[in-house]
């Protein structure tokens with residue numbers, strides 16, 4: 009494999025890694041923020057803090073879906089570049105042409121990894137809301 013093709017694949021892989029890291033960090037921030045809101049709600053017996061999580065969770069979910077869709081697009085670009093002959097590579101880093109099917113923002117939001125994660129989050133929020141309300 010030529011050095012130019014290898015370097016181009018490394019650049020694409022770096023973008024994939026960055027998208028994956030951003031997705032992971034969003035999940036961590038979501039857990040931290042929602043846990044803090046639950047702690048405040050339990051401390052003050054105030055449901056308004058729990059209600060804020062109904063805004064925060066979907067926002068994190070949508071952002072996470074964006075990073076998942078971007079990662080999928082760059083994976084597709086990586087697969088295409090790795091299969092091409094070096095003379096046919098244009099060394100373009102634009103993966104927006106792969107924005108279809110399983111690589112759209114909506115499909116990222118509805119991915120089999122995000123639905124359970126954020127779905128459980130919403131279920132826990134409902135449970136906490138009823139537990140605090142009964143105090």
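Numbering (my numbering), first residue to last: 9 to 143.
For each residue, glycine too, the CB sits at the ideal point set by N, CA and C.
Predicted model only: the values in this text are computed from it and were never measured.
Cβ pair residue i, residue j closer than 7 Å
i: residue 71; j: residue 48; result: no
i: residue 65; j: residue 31; result: no
i: residue 10; j: residue 94; result: yes
i: residue 68; j: residue 38; result: yes
i: residue 73; j: residue 117; result: yes
Close Cβ partners of residue i (< 7 Å) along its chain, the five nearest in sequence each way excluded
i: residue 28; result: 79
i: residue 50; result: 140
i: residue 24; result: 79, 82, 83, 86
i: residue 90; result: 17
Integer-rounded CB distance, given that residue j should sit under 8 Å from residue i
i: residue 82; j: residue 103; result: 5 Å
i: residue 129; j: residue 42; result: 6 Å
i: residue 106; j: residue 21; result: That belief does not hold up - the Cβ atoms of residue 106 and residue 21 are roughly 16 Å apart, past 8 Å.
i: residue 97; j: residue 13; result: 6 Å
Residues of its chain near residue i, where Cβ-Cβ distance is below 8 Å and the 5 sequence neighbours each way are ignored
i: residue 45; result: 57, 58, 60, 61, 64
i: residue 111; result: 77, 80, 81, 84
i: residue 121; result: 76
i: residue 119; result: 73, 76
Terminal residues of the alpha helix (DSSP H) in which residue i lies
i: residue 10; result: Residue 10 -> no alpha helix (DSSP H), and no H or E assigned at all.
Contained alpha helix (DSSP H) runs [length at least 4] in the segment 62-138, N- to C-terminal order:
113-117
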